[in-house]
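Numbered per our numbering, the sequence shown spans residues 10 to 236.
Below: one structure, written as structure tokens.
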Amino acid sequence: MLRVGLTGGLGSGKSTVAQMLRELGAEVIESDELGRALMEPGEAAFNEIVRVFGREVMLPDGHLNRARLAELAFKGGRVKELNAIIHPAVIEAQRLRMNQVFERDPAAVAVVVSALIFEVERDARAEGEASAVFTELRKRIDRVVLVTAPDEVKIARYVGRIAASVADRQAAEADARARLVHQIPDSEKVLRADYVLENTGDIEALRAQVKALWPHLKRESNSNVQR
Ligand code: ADP
Numbered sequence: 010m011l012r013v014g015l016t017g018g019l020g021s022g023k024s025t026v027a028q029m030l031r032e033l034g035a036e037v038i039e040s041d042e043l044g045r046a047l048m049e050p051g052e053a054a055f056n057e058i059v060r061v062f063g064r065e066v067m068l069p070d071g072h073l074n075r076a077r078l079a080e081l082a083f084k085g086g087r088v089k090e091l092n093a094i095i096h097p098a099v100i101e102a103q104r105l106r107m108n109q110v111f112e113r114d115p116a117a118v119a120v121v122v123s124a125l126i127f128e129v130e131r132d133a134r135a136e137g138e139a140s141a142v143f144t145e146l147r148k149r150i151d152r153v154v155l156v157t158a159p160d161e162v163k164i165a166r167y168v169g170r171i172a173a174s175v176a177d178r179q180a181a182e183a184d185a186r187a188r189l190v191h192q193i194p195d196s197e198k199v200l201r202a203d204y205v206l207e208n209t210g211d212i213e214a215l216r217a218q219v220k221a222l223w224p225h226l227k228r229e230s231n232s233n234v235q236r
């Protein structure tokens, strides 16, 4: 088994790499998806968010008003409060999902995709997290794969992916910049990653790097099974 964390700033190309790894045989776990599931009405994280941020983050139909929540968190300077609710819940869900994967296939390579692998650790440390589960990344992840690209390229890709109209593009770009401010710069992350994929060329150049990476991950996974 091998627990791989796949990270990179927004728009770096993580989801694209994850899809390529999936095609090669990796079991991919998307943290964004886990997070969304945890914020469904009735879930513990949902209840806690409404308690902390107030009923204004709820839509009339009882679901979370994600746009309003993002506004309060990112523009209102309350990201830490939101992260303190979401991160522990997502990490526990990741652990459970990885365990399920390894029960089925002890030689699996489980890839957890998260924009914030290093940030979770940093924030937990800043908060003086007592159990050290979150402050010690290497307890939950064996290898970290980082996807890098210059910030302006990341923003252009992010905007290109989500925005259709000009007004949407402006909003998306502002949103991207607000989020990037909270992310650790690539220059620091590369020092702590095990593998770095530089996504500065075209998709085929990225695919070539992923194909070269895969046998390394697979080999490490196999040798973990034999131990
Ligand atoms: P992330 O998951 O890190 O936010 P994505 O993988 O979704 O990033 O990539 C953001 C957008 O950029 C997507 O539309 C993707 O197709 C595109 N993209 C990623 N890598 C490249 C590349 N090397 N060349 C051109 N477009 C790319």
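Every residue gets a Cβ at the ideal spot worked out from N, C-alpha and C, and that includes glycine.
As the structure is a computational prediction, the values presented were derived from the model and not from experiment.
Residues that residue i bridges to, as DSSP identifies them
i	result
E39	V122
T157	E207
V12	Note that residue 12 corresponds to Arg in the displayed sequence, not to Val. The partner list for R12 (beta bridge, DSSP) reads A119.
M67	L73
Secondary structure of residue i, DSSP reduced to three states
i	result
E49	coil
M29	helix
R152	strand
S196	helix
V88	helix
D132	helix
L146	helix
D177	helix
A141	coil
L78	helix
A222	Checking the displayed sequence, the identity of residue 222 turns out to be Leu instead of Ala. Note: L222 maps to helix in three-state DSSP.
L19	coil
H191	coil
A172	coil
D184	helix
A202	coil
G34	coil
CB contact flag (residue i, residue j, <8 Å)
i	j	result
V162	G14	no
M48	L73	yes
L43	Q103	yes
A187	K23	no
A35	V120	yes
V175	V26	no
K89	D41	no
Q192	E128	yes
V118	L206	no
A3	L19	The structure shown does not extend to residue 3, since the chain spans only 10 to 236, so no value can be given for it.
V122	I212	no
I100	E57	no
I126	I164	no
W223	L33	yes
L292	N208	A question about residue 292 goes unanswered here, because the residues of the chain that appear run from 10 up to 236.
P97	F62	no
A181	V168	yes
S21	A158	yes
P115	V234	yes
E130	L146	yes
L91	A82	yes
G17	A172	no
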